[in-house]
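To convert, take the position in the sequence shown, counting from 1, and add 3; that gives this note's numbering.
Don't be surprised by glycine CBs; every beta carbon is placed ideally from N, CA and C.
Some notes on the structure that comes next.
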Amino acid sequence: MQQEKMKISSHREIASQIFELSLEGELVNEMKQPGQFVHLRISESIEPLLRRPISIAEIEHRHKRFTMIYRADGKGTRMLSHKKAGETIDVLGPLGNGFPIERKKGEKALLVGGGIGVPPLYELSKQLVKQGVEVFHVLGHETASKVFYMDEFSSLGKTYVATVDGSLGTKGFVTDVLDQEDLSFDCLYSCGPMPMLKALENKYPAIEGYISLEKRMGCGIGACFACVCHLADDPSGTKYRKVCSDGPVFKIGEVMI
């Protein structure tokens, strides 16, 4: 983990309220595992007080550059959306434990993302494909104007999209796509809203799978206990994991969703 003021190399809106932000700096050398995140200090002033956790969508070591995709729907992220190329941002990271990617060549992996849970799956898919894994993507969004990176995901493997209003792809949720397509795979990876993760856990109880949880965080390094979740196999209900430092990725069935 390092802290660095990183330079913005590009920043643009790629869908409605969805922004792609690329930063350059030495901290990229520490980024190895897809599914990790960084903690951004948005402003030099006291507002907003807390840093903002944002997942890593792509890592480019050769250019010492990484990319994040975020939704501007709160005070901090709306302020972030006004940053321009050439400015700097205080970055702490990489943080957390990401997706395990040790797979055998020829295996099949299903990657399921919902909303702003889609971005970390892009770097994951790239690294799996590099290992010779065949990937399928099922990506869920509210509506067509919120959809992003379809071409990028499609270049890596078969990609399905679901929108709640039916304006693009299958009308409904990612589970509707999965019911229709009946895909066969060796491992499941997912990131997105809790109801979606719970539905996947129920649908594939016997499949090896990993989920990335989205939780509000304070410190991002395991000190403040703002993001704890309980273990699934603890009848006492007193044992927990911290999403920021133990996760955000957990094996399916490890924590309560």
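Query - Touch test, the region 214-232 against the region 143-150, Cβ-Cβ under 8 Å, three pairs minimum - result: no
Query raised in the report: Does the count of Cβ pairs from the region 13-23 and the region 32-44 closer than 8 Å reach three?
Result: no
Report task. Go ahead and pull the three-state DSSP assignment for H85. Result -> coil
Query raised in the report: Which term fits S187, buried or exposed, when burial requires 16 or more other beta carbons within 10 angstroms of its beta carbon?
Result: exposed
Query raised in the report: Since R68 and L26 are thought to touch, with beta carbons under 8 Å apart, how far apart are those beta carbons, to the nearest angstrom?
Result: About 7 Å separates the two Cβ atoms, so the contact holds.
Requested in this report: Indicate whether the contact test is met: 3 or more Cβ pairs, each with one atom in the region 80-95 and one in the region 125-136, closer than 8 Å.
Outcome: Contact fails: fewer than three Cβ-Cβ distances are below 8 Å.
Requested in this report: Would you mind sorting G101 into buried or exposed? The rule is 16 or more other CB atoms within 10 Å of its CB.
Outcome: So G101 ends up on the buried side.
Requested in this report: Rounded to whole angstroms, what's the CA-CA distance from G240 to G212? Just pull it up for me.
Outcome: 23 Å
Query raised in the report: Distance, Cα to Cα, G38 vs I59?
Result: 7 Å
Report task. Could you tell me the boundaries of the beta strand (DSSP E) in which P56 lies? Result -> 55-58
Query raised in the report: What whole-angstrom Cβ distance do K8 and D93 have, given they're in contact under 8 Å?
Result: 5 Å
Query - Cβ-Cβ distance between I260 and M197 below 8 Å - result: yes
Query - As assigned by DSSP and simplified to three states, the class of S13 - result: strand
Query raised in the report: Which runs of the beta strand (DSSP E) spanning at least 3 residues fall entirely within the region 143-205, listed in chain order?
Result: 161-166, 190-194, all fully within the region 143-205.
Requested in this report: Label R15 either buried or exposed according to how many other C-beta atoms from any shown protein chain fall within 10 Å of its C-beta, with 16 as the threshold for buried.
Outcome: R15 should be labelled exposed.
Requested in this report: Find the nearest neighbour of H140 within the set K111, K133, V167, judged by alpha-carbon distance.
Outcome: K111
Query - In DSSP terms, what I104 is bridged to - result: Paired residues: none, contrary to the question.
Requested in this report: With DSSP as the reference, please indicate the residues paired to K67 in a beta bridge.
Outcome: Note: K67 sits in no beta bridge, so no partner.
Query raised in the report: Would a C-beta distance cut-off of 8 Å place P98 and G116 closer than the cut-off?
Result: The amino acid occupying residue 98 in the given sequence is Leu; Pro does not appear at that position. Contact flag unset, no.
Query raised in the report: When the Cα atoms are used, what is the spatial distance from L191 to R106?
Result: Looking at the two C-alpha atoms, the distance is approximately 12 Å.
Query raised in the report: Between which two residues does the beta strand (DSSP E) containing Y213 stretch?
Result: 211-215
Query raised in the report: Are K245 and G225 closer than 8 Å when you measure CB to CB?
Result: yes
Query raised in the report: Would I119 be called buried (16 or more neighbouring beta carbons within 10 Å of its own) or exposed?
Result: buried
Requested in this report: Look at G79 and P51 and say whether their C-beta atoms are less than 8 Å apart.
Outcome: Judged by beta-carbon spacing, P51 lies within the 8 Å limit of G79, meaning their Cβ atoms are closer than that value.
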